[in-house]
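Each remark here refers to the structure printed beneath this line.
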Amino acid sequence: MKQNQSIKTVSTETDSFSGKHSQDFSKLIARFSGKWYLFLFNLLFFIAIAVVINHFSHPLYKGSTTLLIRSEQTKPIGAQALIQDLSFDTRDNIRNQIGILKSYSLAKRTLETLDLKVSYFKMPRMLGKWRINALARNIYQDSPIVVKNFSGNRILKDIPFFVHILSQDKYVLEVKTTINDIEFSEIDTLQFGQIINNPYFSFSIHWRDEANRQFQANKSSLIKNDFSFIFLDIEKLAAQYAQKLKVNFYFDDASILELSLEDTHPKLVADFLNQHTRSFIESGLEEKNRIANATIQFIDNQISGISDSLQAAESDFQKFRSQNKLINISTEGNFAMEKLEALVTEKSNLQRMLKYFEYLYDYIQTKTEFNDIIVPSTMGISDQSLNRLVTNLAEAYATRNRLLMTTRETSPQVRQINSEIESIRHSLIENVRNIINTSEIEMEQINQQIEEVNQQIQKLPGTERKYINIQRDFQLNDNIYTFLLQKRAEAGIALASNIPDHKIIDPAFVRNTYQTTPKPTANLIIAAFLGLIIPALGLIIGDNLNTRINSNYVVEEHTSIPLLGYIEHNRYDEKIPVIQHPSSPLAESFRALRTNIDFMIGKNIPSPVIAVTSSVSGEGKSFCAANLGAIIAITGKKVLVVGLDLRKPRTHKEFMIENINGLSNYLLGTSSFEQVVKESDIKGLSVVPSGPIPPNPAELIQSDKMDNFIKTAKEQFDVIILDTPPLALVSDTLLITRMAELTIFVVRQKFSRKHAINFLNHLVEAGRLNKTGILMNDITTPKGYNSLSQYGYGYGYSRFKKSGYYG
């Protein structure tokens, strides 16, 4: 009853193998140590993969630089304020600057400045014969050779040319490709500096100065390795770099950007980042200078047009003064001259503005871009409506250009901004046309007023009248010329005062670049981790998915029924090897079982009956019953082994005796007890075979004859061992175990199902089995382990006292 209560307690906590159970660390270690070869193989396998990856992967290096961007909220001061007066504000917010930095056009400009038209590589030769192309590495400017005298029209782009150096004077050039679906291959021995002419390419290969000087010192390395070069397609390369370049905010709330790039050579990374930031700053400065230069050019054109007229008027005026010396002008003459001067000044201003309006009208009608327009304020025009329209149109064009850097022409955003540009253009054209018409009307009015004054002047004396006319022409041209000179000086000051809007904070340095892939140490650590964790997970998952009993841990964790012992795998041909091999681990395991049975049964029960059963056939219960009987018999006790599996007799095969007369004959009353008991070859061990298969085994076992048989056997023998049928298949065993002092439930490693333990737990809980113990059979001990120490025989008295099975 104590055992049944213990089983019930355990079963309420863990009823089946479907639940999750925590694994004891020591048990996992024991499980893993048994499969040490799996861990070793996986560890070596993954480390080998890591070594291959580290050796054959093309290394990538990462570098970065930081750039300060002036946000559009920054208010210009000093000279920048003057630039603001001469042009509209072209500064963009930070996100727009990110778009410019990642643009294809800026990347192309950077690559053209760096002159990256040829890329150089180095690869080893195995045993000095075979080139290993998979180990090609970009050597950038560290290449000992350089390609010169090539033309963009006669080169094969993106095709590798291989160079094998023979001596300081000679090399072998090899190229193989497909041109217009035609295979092309060429291998030539050439001189350094010799021009190679071919229908498809033309160039020459030279030593770099330093490599040529140090040839003797580096001869071994130069000859053992091959080199290659590729003519690059700048347009394709620019698209790749625009994609690879990463631009991020250095801080969330700062106007500092971090530019980072990954590439195959650390110096190439640093050179590109530094040149790219310089190109970005230069392009912004050029944009500002373009407007100032356009203003200066426009003013110069106006000055060149007015200078001839001014020189002629000045010459006439000086000639008149030299001929007539000083003359006195009358009051009427002074009044007419002052009035004429005012009208001439007004006319000169109006003429200047008309010329600008005509320039603006023509610019809007003919230009498709709006990046070098001269704004009205530059020419002293303060029309707010006109200034606003010009500024809006310029900003719309700038927005369109920024969008085209990152989006297609057909995108909705570009279509919308194009619509806005057309709307502003129409409004601006209409506005300028109206201003021109109005200015022309004003010009007619001024001319009429000047004509009226001229009529008044005609009434003056001839000399005085001529003086006023000459002075009028001179003053008209001089006013325009002086104004233009003033504006040109202002534009020149603005141009000289232009400074970059942005600033490099930290340039990229080669020493600060680092290798991102492959990462040798990290790869080895990951490989070691995978080499250990994958077989461990495989074993754990496999054990959880496996429905068979693989170790004693599986039994111990899911039942409180004690384990009586572990029977070694039978490596011999004998049926009862404990007699022929008494010193073997197998015999020792049966001796340990014998000892544990004594502990469980106790010393006070005479002639105990031991029932040996299992869940299904094939688990070795007959083998265990026979060898258990033999190991007990050699202690001097009289042992009787009874074959109670009347449906599938097997006990007689273990002892190699006939099954003609056996237990079934006794139960049927055709034979006596003495007639069915057979002496074996082992002293003190007798056997009762099952006998012929009867039609009603269950009824025979339940009959009084069976009780009489057990009673007679207990009178004549010290120990009775019953080899019973499998519990899960027939009910005969449950009829027999009521007569037994101990039931041994045999499970076979890697054969018995886990649900057999659940089945046994339910039988014990229901009280249908008396004292019960589990015996693990067919244990395979790994080489180098002792079976007894591996499975821990000799539980000692304490375990069985704790379970309530011993005194």
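Each residue of the sequence shown is one higher than the one before, counting from 9 in my numbering. Quick reminder that beta carbons are idealized off the backbone N, C-alpha and C, glycines included. Predicted model only: the values in this text are computed from it and were never measured.
Of 234, 768 and 655, the smallest CA-CA separation from residue 168 is found for 234. Counting C-beta atoms within 10 angstroms of its own C-beta, residue 545 has fewer than 16 neighbours from the protein chains shown and is therefore classed as exposed. 354 is the residue among 354, 105 and 513 whose C-alpha sits nearest the C-alpha of residue 453.
Around the beta carbon of residue 643, fewer than 16 other beta carbons lie within 10 angstroms, which makes this residue exposed. Here residue 733 is buried: its Cβ has 16 or more other Cβ atoms, across all protein chains shown, within 10 Å. The beta-bridge partner set that DSSP reports for residue 192 consists of 185.
Annotated three-state conformation of residue 129 is strand, per DSSP. When secondary structure is reduced to three states using DSSP, residue 648 falls in the strand class. Scanning its chain for C-beta atoms nearer than 8 Å, with the 5 sequence neighbours on each side dropped, one finds around residue 203 the residues 157, 210, 211 and 212, in chain order. Counting the other CB atoms within 10 Å of its CB gives residue 134 a total below 16, which places it among the exposed residues. Taken through DSSP and simplified to helix, strand or coil, residue 685 comes out as coil. Residue 669 and residue 744 have their C-alpha atoms roughly 21 Å apart.
Taking one beta carbon from each stretch, the region 745–752 and the region 532–552 have fewer than 3 pairs nearer than 8 Å; the two do not touch. With contact defined as three or more Cβ pairs closer than 8 Å, the region 505–522 and the region 41–56 are not in contact. Within a 10 Å sphere around the beta-carbon of residue 227 sit fewer than 16 other beta-carbons, which makes this residue exposed. Look at residue 275 here: in three-state DSSP terms it is helix. The three-state secondary structure of residue 585, taken from DSSP, is helix.
By the criterion of a C-beta distance shorter than 7 Å, residue 551 is surrounded in its chain by 558, once the five residues flanking it on both sides are discounted. Taking residue 393 as the centre and dropping the five residues before and after it, the same chain places the C-beta of 439 closer than 8 Å to its C-beta, in chain order. Under the DSSP assignment, residue 214 falls in the beta strand (DSSP E) whose first and last residues are 210–215. With contact defined as three or more Cβ pairs closer than 8 Å, the region 103–114 and the region 399–413 are in contact. Boundaries of the alpha helix (DSSP H) around residue 41: 33–41. Comparing alpha-carbon positions, the option among 529, 607 and 627 lying closest to residue 575 turns out to be 627. Residue pairing by DSSP places residue 168 opposite 238 in a beta bridge. Taken through DSSP and simplified to helix, strand or coil, residue 619 comes out as strand.
Taking a C-beta distance under 9 Å as the contact criterion, residue 437 and residue 369 qualify as a contact pair.
In this structure, the straight-line span from the alpha carbon of residue 423 to that of residue 429 is close to 10 Å.
Taking C-alpha positions only, residue 53 is separated from residue 542 by approximately 12 Å. Per the Cβ contact rule, the region 282–292 is in contact with the region 114–133 (3 or more Cβ pairs under 8 Å). For residue 54, the enclosing alpha helix (DSSP H) stretches over residues 44–64. Going by DSSP, residue 767 is part of the alpha helix (DSSP H) stretching over 763–773. Excluding five sequence positions before and after residue 591, none of the CB atoms of its chain fall closer than 8 Å to its own CB.
Counting every other CB atom within 10 Å of its CB across the protein chains shown gives residue 635 a total of 16 or more, marking it as buried. Ranked by Cα distance from residue 251, the first of 268, 257 and 238 is 268. Boundaries of the alpha helix (DSSP H) around residue 105: 102–109.
By a beta-carbon distance limit of 8 Å, residue 71 contacts residue 278. Their separation comes to about 5 Å.
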